[in-house]
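Structure first, commentary second.
Chains as they are written, first to last, in our numbering: chain A, 1 to 288; chain B, 289 to 551; chain C, 552 to 948.
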């Protein structure tokens, strides 16, 4: 990192940040609608969270407390790298505690612990366009959104059911926001989709390379696409977390030895740690 | 906006339509009306402007001049290029149906036959998987394909089957006006005959209004009530099919008719 | 048992330390200075400046040094730095007509007023490794005794004496005089700035040219090449290629006149292409344009070809080749974007993978269940098992 005094608070200059905030305001005003913005180059590669970083940079204030997760964990390399970036360029307080954070930047997960209405969750988005793999042309997808031509989204779901008996999309599962726009919730597992519905927290999405911002304001209707006779379902596990015993969290599968033995643990590392700590305290209390 | 003039019974009226790419390339001075249940053939050699005209009619290519007036299912007549794009596109996937010459251009080759037929239903709001599937199966039967091929991919079908599938995909939303571009081109003669038979029975059964581009006068004779003959971007002759084919007036039509071997 | 994947911080620090050592190489070898890179690896610096879209030789050289010679990484470094720079003004357009030319050639005329000036080109050199350079000596070509003056200083002298200061007439102007060249581009109002506004489709030519100017050289060359090999029909001729120095001027509101900030080196290419004409217009020529900081001639030629291809729609030509599809070309030509997204696959994806894993397992289960119901799999499996036992039995025997 070069001498930080050479850079503005949270890296970007104030004008750039203001531009992004204007885009965010528009995004909040039109839930689920992709707002184009002039993404700036950031000192991390495109695809590594530049969209999320720009959003975070433009909404951070000096008294904010920032948490960064990747795959649900505070300790994955990219989460560490982004947290350090703001540590150095914005000198804001950082935390791994979900409750203490005012801004949480995330890649691929929504924390297990319900968020509150004074928190903002910032998503890193690789491909913001839910119609992209059906229609490669930007001019065409923009028209499809404008005219609410979303029938084709169901073709994929139809195919899944015809071939597998159930919908086989497991992440980046498209949602219908506020009864208007079809939106890609970024590659979070569909397990997290219900958390967006009527969320207390503001959800902001930033796609740096594709230069798009979008948002789900608090208390917005968010519905995962499905059929009347094949309703949306989330993943379930036969196991519970091997560390904290949780039965309703998203589990990561960890291969523990060369024989390929596996165990399942919470993907949300802070959530899991808290539960483990609580258990320890309880057993200590019992011993006393 | 001018109030569109459309003869009372007509479903479509093309008025002074022109779209040119070069001198006499494209189409110009095109005028005709189409009535419900009528099959209109557009014949002429390649490059005569048939496809340009069909593109204008299908909402994909705005004419330089002229009007294309359509009377919709509730009886309102409107120029399809005067209405807003949302409305036009909705019309194209509900009341209009477009059958491409090459089924690969009209089908989604990577999704099953059922999804291909179901797409237009989902596009107009159907959200019940079971219902969509039942309707798709019924339509497969309608185009004389075995129902158990519902989950097969289009590329597993023969050319003739693909064309049947495309027709089912288009007809599932019960369009009132169907535009066909050489629907039997590129097929074996025996396959062609069966497909023509199918199209003929569907047209009468569903009372479809059809505009069909073809360079094959035999196809035209079999299916069309009326013909437009095009040459170098203009309609040079039009009339009832028998009349045009048995007693052609224009030298070019005479040449066209005489060059076909009579069986 | 399970150890949480912690220690990301430490791992990152160590990796950076390792990288720093690798970058430096063996310390017994003298370190390269940015100055040396700028002087002796100048074309590399030019490319980094062009695609990094910042004219600063020193910083571009530093970026190359820091990136261990990896141009795409260096371009990325320079871009990331560029984004933080405050913008205090916009220069007036550079006047390449008034260029202090070091190289100027035209392939469309045998000779042109001002003449053909080859300049410092690799063209017509035989691509033979010069082992004299390896022996840490100087090549014969660069060796000149004090009595002969270097070419560069001669040119500089010429420039100063300003005897032949008459600017080189632009070759395409000769076609314009005859009205043989289609006037394609009239900028109405302010040009877009792709670093301040997102690209919108359909994209006007100013946005296209800006995007192409910082596009990856390799990508553009491949596209340009494809137009020559049959994926496009633009019949190109290199109307003019010129490289040299131009003044950068800034209009100062308070002073009421332009102030020269200095000179930069640029290369530009005018490609002349055929156009058959249409209903309204007679047959004539069209052109494509390429420009770069420094001396990136290959890039400017490729850019000019692609620029022309991208005019297909406006000229009423059929858009049926990759190089003519604006969205395809413009959305994928930036190597900072492209390399970032390709390399992001290195990031952990285990949450999504977990979901896929569970799905594949479920679908396999269903697959075998249904087979079992059909009574197929059991027999097959027994067969497989039998054949395996046979094999192992045989090998044991």
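C-beta atoms are modelled at their ideal positions from N, C-alpha and C, and glycine is treated no differently. Since the model is a prediction, treat every value here as computed from it, not as a measurement.
- If you draw a straight line from the Cα of residue 303 of chain B to the Cα of residue 315 of chain B, it is about 12 angstroms long.
- Note on geometry: alpha-carbon atoms of residue 592 of chain C and residue 118 of chain A lie some 54 angstroms from one another.
- For residue 201 of chain A, no Cβ of chain C is located within less than 8 angstroms of the residue's own Cβ.
- Within the DSSP secondary-structure output, residue 518 of chain B pairs in a beta bridge with B:523.
- With contacts defined by Cβ atoms closer than 8 angstroms, residue 518 of chain B and residue 311 of chain B do not form a contacting pair.
- Interface with chain C (8 angstroms Cβ-Cβ cutoff): residue 9 of chain A is excluded.
- Among the residues of chain A, those whose CB is under 7 angstroms from the CB of residue 417 of chain B are 158, 161, 227, 229, 230, following chain order.
- One thing to note: residue 842 of chain C has its Cβ no nearer than 8 angstroms to the Cβ of residue 861 of chain C.
- At the C-beta level, residue 54 of chain A and residue 115 of chain A stay beyond 8 angstroms of one another.
- Collapsing the DSSP output to three states places residue 655 of chain C in a strand.
- Considering only B:524, B:379, B:295, B:445, the residue with the shortest C-alpha distance to residue 466 of chain B is B:379.
- Restricting attention to A:43, A:56, A:190, the CA atom closest to the CA of residue 17 of chain A is found in A:56.
- Residue 377 of chain B has a beta carbon lying within less than 8 angstroms of a beta carbon in chain A.
- A Cβ-Cβ contact shorter than 8 angstroms links residue 177 of chain A with residue 32 of chain A.
- Closest by C-alpha distance to residue 499 of chain B, out of B:463, B:521, B:480, is B:463.
- The shortest CA-to-CA distance from residue 851 of chain C to any of C:761, C:895, C:826 is the one to C:761.
- Closer than 8 angstroms to the CB of residue 219 of chain A there is not a single CB belonging to chain C.
- Within the segment 105 to 121 of chain A, the residues whose Cβ lies closer than 7 angstroms to some Cβ of chain C are 108, 109, listed in chain order.
- Collapsing the DSSP output to three states places residue 908 of chain C in a helix.
- Neighbours of residue 182 of chain A across chain B, judged by C-beta separation under 7 angstroms, do not exist; the nearest C-beta is about 13 angstroms away.
- At least one C-beta of chain B is nearer than 8 angstroms to the C-beta of residue 154 of chain A.
- In this structure, residue 395 of chain B and residue 454 of chain B form a Cβ contact; the two beta carbons are roughly 6 angstroms apart against a cut-off of 8 angstroms.
- Rounded to whole angstroms, the separation of the alpha carbons of residue 179 of chain A and residue 622 of chain C is 47 angstroms.
- With respect to the 8 angstroms criterion, residue 461 of chain B and residue 409 of chain B are classified as neighbours on the basis of their beta carbons.
- Contact with chain A is absent for residue 360 of chain B, since none of that chain's Cβ atoms lies less than 8 angstroms from the residue's Cβ.
- Residues of chain A whose Cβ lies closer than 8 angstroms to the Cβ of residue 402 of chain B are, in chain order, 158, 162.
- Scanning its chain for C-beta atoms nearer than 7 angstroms, with the 5 sequence neighbours on each side dropped, one finds around residue 208 of chain A the residues 39, 42, 46, 50, 51, 54, in chain order.
- Separation of residue 263 of chain A and residue 147 of chain A (C-alpha to C-alpha, rounded to the nearest whole angstrom) is 47 angstroms.
- In terms of Cα proximity to residue 193 of chain A, the closest of A:26, A:233, A:59 is A:233.
- Cβ-Cβ separation between residue 791 of chain C and residue 821 of chain C: approximately 5 angstroms, consistent with a contact (criterion under 8 angstroms).
- Residue A:80 holds the alpha-carbon nearest to the alpha-carbon of residue 564 of chain C among A:60, A:67, A:35, A:80.
- Chain B places a beta carbon closer than 8 angstroms to that of residue 149 of chain A, counting this residue as a contact.
- For residue 916 of chain C, the closest alpha carbon among the candidates A:27, A:104, A:164 is that of A:164.
- Beyond the five residues adjoining it in sequence on each side, residue 648 of chain C comes within less than 7 angstroms, by CB distance, of 718, 721 in the same chain, given in chain order.
- Taken through DSSP and simplified to helix, strand or coil, residue 841 of chain C comes out as strand.
- If you look at residue 642 of chain C, you'll find it isn't in any alpha helix (DSSP H); DSSP assigns it neither H nor E.
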